[in-house]
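A.B. asks:
Number of protein chains: 2
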Amino acid sequence: MSLVNRKEQIEQTATRLFKTQGFAATSMRTLAQSLGMEAASIYAHIRSKEEILQKVCFRLANDFFTGFQNAVSQPGTSTDQLQAAIVEHVRVITTNLEAATVFQTEWRHLSEPYLGQIIKLQTEYEAKFRDLLKTGKAKGEFKFNDVHLTTRVLLASLNGIAQWYNPDGILTPTEIATNFNSIFLHGIVKGKISN
Amino acid sequence: MSLVNRKEQIEQTATRLFKTQGFAATSMRTLAQSLGMEAASIYAHIRSKEEILQKVCFRLANDFFTGFQNAVSQPGTSTDQLQAAIVEHVRVITTNLEAATVFQTEWRHLSEPYLGQIIKLQTEYEAKFRDLLKTGKAKGEFKFNDVHLTTRVLLASLNGIAQWYNPDGILTPTEIATNFNSIFLHGIVKGKISN
DNA sequence: CCTACCGATCGGTAGG
DNA sequence: CCTACCGATCGGTAGG
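Chain order of the listed sequences is A and B. Take the first sequence: its letters are residues -1 to 193, numbered as in our numbering. Take the second sequence: its letters are residues -1 to 193, numbered as in our numbering.
Structure, rendered in structure tokens:
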């Protein structure tokens, strides 16, 4: 039990270092020093440096999928489901801030077969958002020119939250999601009627 | 003159490797092999590995500033200027695809004083966009709740282009900019009147 | 969780 | 642009 906690502590500290220094530039000795132990001792708890990165990436990928599933499993229009999916995505990032950043920026350092698996998961997640937008357009709810571009614009700006979100800041995750929905659904031009 | 070309070739090859493997994970020996020379020979052309990263980052930062200046130096509404700024940003990224990616993802590996300088430039660039949005709102052209969030959403999605843009793909840089303008100005909800 | 240590590799320099 | 090489550091293992 104490070993389990120590393992979690190692992963948490490593995640923080991976975020600030990057995976490749973070040495096991630096990690050990942050934990108050010797580098060799870490291997009593983990198999390799990469194993930590693997856990972080797959845990986050799984969280994003679960969040999306929650969003689209409830009845409603495509607009409702998109809003819910945005809320879920914001929630996953803001409640796993450091891990989300590491997942986004360090996944390329995974080795096979994990690299291929995580790319596949990212592709699938993007496809889920794309299908949601496509369905909404077919139903006459949405308008846009290119569904691939629109999906990527949305996801890039959502993932960007990890780079600037401050848990001690003014904006709550809910408020952030509300702002996103407003921008993407209605734009920022002051219209004459609907706004 | 041949030395100048060789230097540019080194920087170009390094940029490509930094993009795919990351700065820290790219060794001078790997770079040398890609160039068909010995690692030690590279130092006849450059001072250090980091010097290459410095050049890439500051060149791109400068390009983004110049682009923005071009956009706002012509008369027009805030909407016109925002559209022009988006066109310029898309242009800088798509014409410097690999360098833009390296700038975005590897700048944290710069050492002082360069690190502080590049952070300052990023902060200033974001402030320019923010002021443009702020002015547009004050003039009654724009609507949004939080100018900081809105600016970051816009810039994150613009920078995300570097991750998916394909020079051989269907969408031209101009078309990409047009799509961005449509999404951010009018949103993706099918309105009754203005759309 | 430690000491002691492994082979490999790192960025970079000397000298030509 | 090369050979030869430097000290430092890397991820990880053996054995306790």
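All C-beta atoms in this analysis are idealised placements derived from N, C-alpha and C, irrespective of residue type, glycine included.
From the DSSP output, in three-state form, read off F140 of chain A for me.
C.D. replies: Position 142 of the first sequence, counting from 1, holds the residue named residue 140 of chain A. Residue state, collapsed to three classes: strand.
A.B. asks: So is D61 of chain A buried or exposed if we call it buried at 16+ other beta carbons inside 10 Å?
C.D. replies: As a working mapping, residue 61 of chain A is identified with position 63 in the first sequence. Result: buried.
A.B. asks: N60 of chain B CB to nearest chain A CB: under 7 Å?
C.D. replies: Counting from 1 along the second sequence, the entry for residue 60 of chain B is found at position 62. No, N60 of chain B does not count as interfacial toward chain A.
A.B. asks: Compute the Euclidean distance between the alpha carbons of R14 of chain B and E96 of chain B, then round it to the nearest angstrom.
C.D. replies: For this step, residue 14 of chain B is matched to residue 16 along the second sequence. For this step, residue 96 of chain B is matched to residue 98 along the second sequence. If I take the Cα positions, the gap works out to 6 Å.
A.B. asks: Could you tell me the alpha carbon to alpha carbon distance between L153 of chain B and I84 of chain B, rounded to whole angstroms?
C.D. replies: The sequence position of residue 153 of chain B within the second sequence is 155, counting from 1. The sequence position of residue 84 of chain B within the second sequence is 86, counting from 1. Pairing L153 of chain B with I84 of chain B, the inter-Cα distance amounts to about 9 Å.
A.B. asks: Could you tell me how far apart the beta carbons of T148 of chain A and L131 of chain A are, in whole angstroms, since I believe they sit closer than 8 Å?
C.D. replies: For this step, residue 148 of chain A is matched to residue 150 along the first sequence. For this step, residue 131 of chain A is matched to residue 133 along the first sequence. Distance from T148 of chain A to L131 of chain A at the Cβ level is roughly 6 Å; contact confirmed, criterion being Cβ atoms closer than 8 Å.
A.B. asks: So Q72 of chain A is in the alpha helix (DSSP H); what residue range does that whole segment cover?
C.D. replies: One-based indexing of the first sequence puts residue 72 of chain A at position 74. From DSSP, Q72 of chain A is part of no alpha helix (DSSP H); its letter is neither H nor E.
A.B. asks: Distance, Cα to Cα, I181 of chain A vs F182 of chain B?
C.D. replies: The sequence position of residue 181 of chain A within the first sequence is 183, counting from 1. The sequence position of residue 182 of chain B within the second sequence is 184, counting from 1. Whole-angstrom Cα-Cα distance: 7 Å.
A.B. asks: Tell me whether E36 of chain B is buried or exposed, calling it buried when 16 or more other Cβ atoms sit within 10 Å of its Cβ.
C.D. replies: For the purposes of this step, residue 36 of chain B is identified with residue 38 of the second sequence, where counting begins at 1. That one is exposed.
A.B. asks: Judging by CA-CA distance, which residue of A:L156, A:K188, A:G167 is the nearest neighbour of N179 of chain A?
C.D. replies: Within the first sequence, numbered from 1, the residue matching residue 179 of chain A stands at position 181. Here the closest residue by C-alpha is A:L156.
A.B. asks: Compare the C-beta of H87 of chain A against all C-beta atoms of chain B and say whether one is closer than 7 Å.
C.D. replies: Within the first sequence, numbered from 1, the residue matching residue 87 of chain A stands at position 89. No, its Cβ sits nowhere closer than 7 Å to a Cβ of chain B.
A.B. asks: Quick one, which residues of the region 176 to 192 of chain B are near chain A if we go by CB-CB under 8 Å, in chain order?
C.D. replies: Answer set for the region 176 to 192 of chain B: T176, N177, F178, S180, I181, F182, L183, H184, G185, I186, V187, K188, G189, K190, I191, S192.
A.B. asks: Should I116 of chain A and L108 of chain A be called a contact, given that it needs their Cβ atoms to be closer than 7 Å?
C.D. replies: On the first sequence, position 118 is the one that residue 116 of chain A refers to. On the first sequence, position 110 is the one that residue 108 of chain A refers to. Yes.
A.B. asks: Examine chain B for any beta-carbon lying closer than 7 Å to the beta-carbon of V145 of chain A, and answer yes or no.
C.D. replies: As a first step, residue 145 of chain A is located in the first sequence; it is residue number 147 there, counting from the start. Not closer than 7 Å to any Cβ of chain B, the Cβ of V145 of chain A fails to qualify, so no.
A.B. asks: Grouping DSSP H, G and I as helix and E and B as strand, with all else coil, what is K188 of chain B?
C.D. replies: The sequence position of residue 188 of chain B within the second sequence is 190, counting from 1. Here K188 of chain B carries a coil assignment [DSSP, helix/strand/coil].
A.B. asks: With a threshold of 16 other CB atoms inside 10 Å of the CB of K17 of chain B, please say whether the residue is buried or exposed.
C.D. replies: The residue labelled residue 17 of chain B in the question sits at position 19 within the second sequence. With 16 or more Cβ atoms within 10 Å of its Cβ, K17 of chain B is classed as buried.
A.B. asks: Using a Cβ-Cβ distance cut-off of 7 Å, determine whether K141 of chain B contacts chain A.
C.D. replies: Translated into positions along the second sequence, residue 141 of chain B becomes position 143. For K141 of chain B, the answer is yes, since a Cβ of chain A falls inside 7 Å of its Cβ.
A.B. asks: Output, in sequence order along the chain, the residues in the region 152 to 165 of chain B whose CB is closer than 9 Å to any CB in chain A.
C.D. replies: Result list: L152, L153, A154, S155, L156, N157, G158, I159, Q161, W162.
A.B. asks: If the criterion is Cβ atoms closer than 7 Å, does the pair T92 of chain B and Y163 of chain B meet it?
C.D. replies: In the second sequence, the residue the question calls residue 92 of chain B occupies position 94. In the second sequence, the residue the question calls residue 163 of chain B occupies position 165. Their beta carbons are under 7 Å apart, which means T92 of chain B touches Y163 of chain B by this criterion.
A.B. asks: Looking at the C-beta of R150 of chain A, does it have a partner C-beta in chain B at a distance below 7 Å?
C.D. replies: Numbered from 1 along the first sequence, position 152 holds the residue referred to as residue 150 of chain A. At a cut-off of 7 Å, the C-beta of R150 of chain A has a neighbouring C-beta in chain B.
A.B. asks: Are the beta-carbon atoms of K188 of chain A and K141 of chain B separated by less than 7 Å?
C.D. replies: As a working note, residue 188 of chain A is residue 190 in the first sequence. As a working note, residue 141 of chain B is residue 143 in the second sequence. The Cβ-Cβ distance between K188 of chain A and K141 of chain B falls below 7 Å.
A.B. asks: Just by C-beta distance, which residues in the region 16 to 27 of chain B are closer than 7 Å to chain A?
C.D. replies: G20, A22, A23
A.B. asks: What residues in the region 77 to 111 of chain A have a beta carbon less than 9 Å from any beta carbon of chain B?
C.D. replies: T77, L80, T103, E104, R106, H107
A.B. asks: Are the Cβ atoms of E139 of chain B and S71 of chain B separated by less than 7 Å?
C.D. replies: One-based indexing of the second sequence puts residue 139 of chain B at position 141. One-based indexing of the second sequence puts residue 71 of chain B at position 73. Going by C-beta atoms, E139 of chain B is not nearer than 7 Å to S71 of chain B.
A.B. asks: I need the straight-line Cα distance from H146 of chain A to A30 of chain B, nearest angstrom please.
C.D. replies: Indexing the first sequence from 1 puts residue 146 of chain A at position 148. Indexing the second sequence from 1 puts residue 30 of chain B at position 32. Distance between the alpha carbons of H146 of chain A and A30 of chain B: 38 Å.
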